[in-house]
Every structure is written in structure tokens, then in C-alpha cells.
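The sequence shown begins at 0 in this note's numbering and counts up one residue at a time.
Just so it is clear, CB atoms sit at the ideal spot from N, CA and C, and this is done for glycine as well.
Predicted, not measured: the structure shown is a model, and the values here were computed from it.
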Amino acid sequence: MNGAEAVVASLRACGVEVFFANPGTSEVHLVAALDAEPGARAVPCLFEGVATGAADGYGRMAGRPAATLLHLGPGLGNGLANLHNARRAATPLVNLVGDHATHHKPLDAPLESDIDSAAGTVSGWVRRCRDVRTAGADAAAAVSAATAGRGRVATLVLPADVSWSPGAAAAGAVPPASRPTTSPSADAVAGNAVPDGPVAEVAAALRGGGPAALLLGGPALREPSLREAARVAAACGARLLCETFPARLERGAGLPAVERLAYLPEGALAQLRGVRHLVLVGARSPVSFFAYPRTPGRLVPEDCQVYDLTGPDSDVRGTREALAHLADRLPDVQGAPAAPDPAEPSPPTGPLTGETVAAAVGALLPEGAVVVDEANTSGLWLPAATAGAPRHDWLCLTGGAIGQGLPLAVGAALACPERPVVCLEADGSAMFTPQALWTMARESLDVTVVVYANSSYAILEMEYDRLIAPSGTTTGEQGCGPARRNLLDLSRPALDWAGLARSMGVPAARTTTAEEFTAEFARALAEPGPHLVEARVPALFGPPSRTGAPSTPETPSTPSVR
Numbered sequence: 000m001n002g003a004e005a006v007v008a009s010l011r012a013c014g015v016e017v018f019f020a021n022p023g024t025s026e027v028h029l030v031a032a033l034d035a036e037p038g039a040r041a042v043p044c045l046f047e048g049v050a051t052g053a054a055d056g057y058g059r060m061a062g063r064p065a066a067t068l069l070h071l072g073p074g075l076g077n078g079l080a081n082l083h084n085a086r087r088a089a090t091p092l093v094n095l096v097g098d099h100a101t102h103h104k105p106l107d108a109p110l111e112s113d114i115d116s117a118a119g120t121v122s123g124w125v126r127r128c129r130d131v132r133t134a135g136a137d138a139a140a141a142v143s144a145a146t147a148g149r150g151r152v153a154t155l156v157l158p159a160d161v162s163w164s165p166g167a168a169a170a171g172a173v174p175p176a177s178r179p180t181t182s183p184s185a186d187a188v189a190g191n192a193v194p195d196g197p198v199a200e201v202a203a204a205l206r207g208g209g210p211a212a213l214l215l216g217g218p219a220l221r222e223p224s225l226r227e228a229a230r231v232a233a234a235c236g237a238r239l240l241c242e243t244f245p246a247r248l249e250r251g252a253g254l255p256a257v258e259r260l261a262y263l264p265e266g267a268l269a270q271l272r273g274v275r276h277l278v279l280v281g282a283r284s285p286v287s288f289f290a291y292p293r294t295p296g297r298l299v300p301e302d303c304q305v306y307d308l309t310g311p312d313s314d315v316r317g318t319r320e321a322l323a324h325l326a327d328r329l330p331d332v333q334g335a336p337a338a339p340d341p342a343e344p345s346p347p348t349g350p351l352t353g354e355t356v357a358a359a360v361g362a363l364l365p366e367g368a369v370v371v372d373e374a375n376t377s378g379l380w381l382p383a384a385t386a387g388a389p390r391h392d393w394l395c396l397t398g399g400a401i402g403q404g405l406p407l408a409v410g411a412a413l414a415c416p417e418r419p420v421v422c423l424e425a426d427g428s429a430m431f432t433p434q435a436l437w438t439m440a441r442e443s444l445d446v447t448v449v450v451y452a453n454s455s456y457a458i459l460e461m462e463y464d465r466l467i468a469p470s471g472t473t474t475g476e477q478g479c480g481p482a483r484r485n486l487l488d489l490s491r492p493a494l495d496w497a498g499l500a501r502s503m504g505v506p507a508a509r510t511t512t513a514e515e516f517t518a519e520f521a522r523a524l525a526e527p528g529p530h531l532v533e534a535r536v537p538a539l540f541g542p543p544s545r546t547g548a549p550s551t552p553e554t555p556s557t558p559s560v561r
């Protein structure tokens, strides 16, 4: 075997099946090795941010890592934003980055860069393979590192001469690596031996009275833990909250309802006001996304005691057991905890807005759907509209680096080919990684994409008014100078999402009324393969002249064109 063959064979032996790839010259031996390895699925991605985001989506839904294949430092750089999101999601992911041959690096060729340092910013484990004889073992170690705890990004740098040199051997699977913990209880819970200390401490605090809340994250948002958390909440009257942008939240009719922590600090502070006991279950102590004048960054009330029940690295089984032990130490609850009843919403009519789109999604969402949510401001109504929808999974923008939604949907569809994937995507965010549409078409993935086309970076319009407008006033047209107009407005020229999707092989339709959207969304869900529905909705924020209906692209199109 050469080094590339040993790496691919070892990854396959460790259970890696899918390789999201954008290779270059330094990686062609890895491409050849993929051809020689039965069961390895190579998925082409036209931009590295699609490859890394797709690997994130795959890992979240499959519970095991996919691999990326990236070209040198610039290729890694193009994928860093979605690797950042994967790191925040604690996704198991193996990142393969080719490099110049060892003897070529000192020549400072045009593509030479410090790959190891760049990889370290988003990876929990980085290794450079320096000897062909260790290539297989290094690949197996990468999978072991990626699957440690809840999961992490593991990056293996493979020089070209290691890839092409003979003398390598494949390695078999090795157990997940141990990793540093962030709380005394994390190791024990990850090993499924529930520690008595944290459980007893939290139980005593909750029995002692005082307003309490459970903040859930990671594995606590899967069904077994949700049901145990609901038992705890019912026993002591605690509120059930979850992270603002969870990596994967199981929800829908029959599952306990969980309130997401607000994005804006004012909202989160209001949710936590008066709480005296905050129990973290797979979540970190909450802080605001950004700093604001005269607003605290730490969102926990000053007189609130914070308890870390499991630690952020706990796994699904350990988290459920910790919650079950906690519930058993609290007073018995009469009756089952409340859960949303199945909804029977009527399809919306009238103007097309974020609210009517949400109503249509709630009315039509199929059983078992995987929902990828990067709708941003246009998606404010989605949680309420879908609470009683058939059971589904909800995947969010964990790290705040936009451009995740379309690639995440690619990975989720490959991980769960039997389940429909619905991607709810803001137009500004979608422009970061539109190449994912081509991969959806190439792989015939069952993904229905909804693009909220409001022709605006509306979230930044909101933040501009919050930070720039004088207190108690609005900027209006007076605060809309040329820089704001040029940088936050997406209407000059208008984006033709239906035309863009069709150009990459994805059937698409543009809609301007609630009736049109409902019909096209239903049709897209009913047909196999990828589809895109462009929803022309008004922006919620910005100067008055920019919050009405968005401009229509010049390219002629009708809602029925597919």
C-alpha cells in the first residue's frame, strides 16, 4: 500500500463511509485510493465550505464521522467557517488536508502555508503524518479523536510524498480517545457511570425551593433525555430551556416542549429573570452573542446559583441516566408532563410573509423530517408554527458563521436517505454556499429548500438600529447613508433564486403569495429529489423604504415554472 491507500482503508475500517471532497494536485493519490476502496462514497463539492458543512450535517444525524478532503491551506481556509460551526456543534468529523511533499515545503511554493496553525483554530485534534509507515495508524487515531466525548473536529495533514510512497499498512478501528473534561462529572457521565455528587447537589437545591430552570444542550435534546428533563421540571416547577441554536433538537407532537433561549440579550435576560437555580445539562452557562453598551454579557442573574449536572461532553446515554437519577430524587409527579398535541393547522392565505411561510411549513411538514434552520429574521414564527407538527429533528446554526444551511442539508440527506430534509434558508446566508445546490442535484438528494428572499441582510439592519440609533429613537431614512445602503441591501441587482437553482439542476419555483407558496412547497415535498421554493417576503428590519415587498428579479419567471 501507499500512504493514501492506507489512510482510506483505515478510515473505512473505522466506519467512515462518506468523503466530501474538493481535492487538488496534492490529493490525487487519495482520489485514486477512494476508487480502490469498496464502499467509500466520494461526494463532490464545488466549494470547501460546502464540504465541511456537509460533513457537519452528516455527523449530527449519523452520530459518526464523515471525512472531508481539502486542498492545502487555502482549501482548508475556505472551509474554516463551517468547521467553526461543527466545532460548536461538537460534531464528529475527520478533516483530511493534503500538503506539499515534505522536500518541497522549504521552497516556499505559491500554495505554501501554515496548515497546522489554521487547523488548530477549529480542531480538537491535529496531527501531521510524517512517515508513510504510520499513515494508517494516524488515520485510525483521527477517527478515535473525532468520536471522543460528544465529538470534535479531528484534522489529519497528509503530505503528498507520504500519500504516494509505498510501505504503508492499513489500521483497524481503535477506541475513542480520552479528552480533557470541563467539569468534574463529565468523564463519569461520558462513561455512563452517573456520579452521585452533582446529582445529589442539584436535587437538594431543587427540593429547597426557589424558581429554577434547566438549560439543555447537546445530548439532552434527544428524546430520552427530553422526557427525563420534563419529569424533573414537572416535579419542581422548573422551566425547560435550551440553547439558542442547538445542534440537533428532537421536537414535535408528543415530545416535551422546550423554550429556546432568546438570541438578543434583552430577551434572554427576561427569560432568566428571577431564576435562583440554573441547572446546565449538556449546555454551557449562557452569554450574549455580542457585547452591547450598558448590557451585561453574562446572562445569568447575579443572585442565581449555576449547577453543572453533566458537563458539555456528556453523551446521550449518560445524560439520560443523570436526569433519570435526578428525577428519582425529587417528589413524585402526578400525571405525565405536558407535551404539544398534534396540530391541525389550515394552509395560510393572503400576502406572503415570514409568518405565512411558517404557517405553511407547520401545516405540511412531513413525519420524520430533518429541518435545517438558517432562516434568521424571517424564521421568527417557525418554532411556534411547528411545535405541534409531526415528529422531526431541528438543526441550527451553532457557531453563528452564516452559510451553513445548504451544506448542512446535503450532509443530513446523505446520513438519512430515508427521511425528507427541509432547509429553511435566508437569501443572504444562502449566497455564501449556493454551490451546495449543485451537489444536491448531482447526488439526487431529497432536500426541499425554501429561500426567504427579502433582498436584505435584515439581521444586520436590526443590529444597526440597535447600536447606531440614539436611545429611544429610530434611524429611519435619516440613518440610512450610502455605506449602509450599499452593504446591507441585496436588491441591486435582485437575486433570482429560482433561476440560480435551475441552472444547477434543481427544479425551482418563485412564489409571491401564501397560496402559491403552499402549493409549491407541497409539490416539492411530494416529488423525489431536490427542489427549491423561493419565497418573496418583506424584510422585517431596516429603513421604511426597504421593509416592504422585495424587488422582483428582472429574469421573467412564474410560480409554476419548475
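- Residue environment, E417, which counts as buried when at least 16 other CB atoms sit within 10 Å: exposed
- Message: Using a 10 Å radius around the Cβ and a threshold of 16 neighbouring Cβ atoms, would you call N81 buried or exposed?
- Response: buried
- Item | Under the three-state DSSP convention, the category H276 falls into | strand
- Look at the Cβ atom of A134, then the Cβ atom of G2, and state whether they are nearer than 8 Å. yes
- Query: At which residues does the beta strand (DSSP E) containing L214 begin and terminate?
  - Reply: A211 to L215
- Query: Tell me which same chain residues have a C-beta within less than 6 Å of the C-beta of A139, skipping the five on either side of it?
  - Reply: S9, C13, A170 and V173
- Query: Quick one: what's got a C-beta closer than 6 Å to A237's C-beta in the same chain, skipping five residues either side?
  - Reply: A211, A212 and L213
- Quick one: residues in its chain with C-beta nearer than 7 Å to the C-beta of S25, no 5 flanking neighbours on either side, listed in chain order? These residues qualify, in order along the chain: H70, L71, G97, D98, H99 and A159.
- Item | Uninterrupted beta strand (DSSP E) stretches inside the segment 264-314 (no shorter than 3 residues) | Runs of the beta strand (DSSP E) inside the segment 264-314: 276-280 and 304-307.
- Item | DSSP three-state assignment for L68, whether helix, strand or coil | strand
- Message: Quick check: what's the CA-CA separation for G317 versus L239?
- Response: 19 Å
- Query: From I458 to E424, what does the alpha carbon distance come to, in whole angstroms?
  - Reply: 13 Å
- Can you have a look at A289 and say buried or exposed, based on whether 16 or more other CB atoms are within 10 angstroms of its CB? In the sequence as presented, Ala is not what sits at residue 289; that position holds Phe. With fewer than 16 other Cβ atoms within 10 Å, it is exposed.
- Message: Looking at L405: is its Cβ nearer than 8 Å to the Cβ of C422?
- Response: Result yes, Cβ atoms of L405 and C422 sit closer than 8 Å.
- Would you verify that the beta carbon of P300 is, or is not, closer than 8 Å to some beta carbon of chain B? Although the question refers to chain B, the structure presented lacks it and comprises just one protein chain.
- Task: Quick one: grab the DSSP three-state call for W437.
- Result: helix
- Does the segment 56-63 touch the segment 106-125, meaning 3 or more C-beta pairs lie closer than 8 Å? No, the segment 106-125 does not touch the segment 56-63.
- Query: Is L220 near E258, with beta carbons less than 8 Å apart?
  - Reply: It is not a contact, given that the beta carbons lie outside the stated cut-off.
- Message: On the DSSP letters alone, give me the boundaries of the beta strand (DSSP E) that Y456 sits inside.
- Response: Looking at the DSSP string, Y456 is not in any beta strand (DSSP E), and its letter there is neither H nor E.
- Message: Need the endpoints of the beta strand (DSSP E) that D98 sits in, please.
- Response: L92 to D98
- Message: DSSP has L248 in a bridge; who is on the other side?
- Response: W393
- Item | Burial state of L271, where buried means 16 or more other Cβ atoms lie within 10 Å | Here L271 is buried: its Cβ has 16 or more other Cβ atoms, across all protein chains shown, within 10 Å.
- Task: Give the straight-line distance between the Cα atoms of S562 and S455, rounded to the nearest whole angstrom.
- Result: This structure cannot settle anything about residue 562, because the visible part of the chain is limited to 0 through 561.
- Message: What would DSSP say about H83, mapped onto helix, strand or coil?
- Response: H83: helix per DSSP, three-state reduction.
- Task: Give the DSSP-derived three-state secondary structure of V15 in the structure shown.
- Result: coil
- Task: Can you say whether A89 is buried or exposed, counting buried as having 16 or more other CB atoms within 10 angstroms of its CB?
- Result: buried
- Per-residue DSSP class, three states only, for V505: coil
- Item | Contacts around L279, its chain only, beta-carbon distance under 6 Å, and the 5 residues preceding and following it disregarded | L214 and D307
- Complete runs of the alpha helix (DSSP H) confined to the segment 99-180 [at least 4 residues]: 114-119, 134-145 and 159-163
- Using only alpha-carbon positions, find the residue among A252, L260, Y262 and C235 that is nearest to H276. Considering only alpha carbons, the answer is C235.
- Message: Going by DSSP, what residue range makes up the alpha helix (DSSP H) through D372?
- Response: Unbroken run through D372 is the beta strand (DSSP E), A368 to E373; no alpha helix (DSSP H).
- Item | Backbone CA spacing between R563 and V17 [nearest angstrom] | This structure does not reach residue 563, given that the chain is present from 0 up to 561, and the question cannot be answered.
- Task: Indicate whether D426 and W393 have their beta-carbon atoms separated by less than 8 Å.
- Result: no
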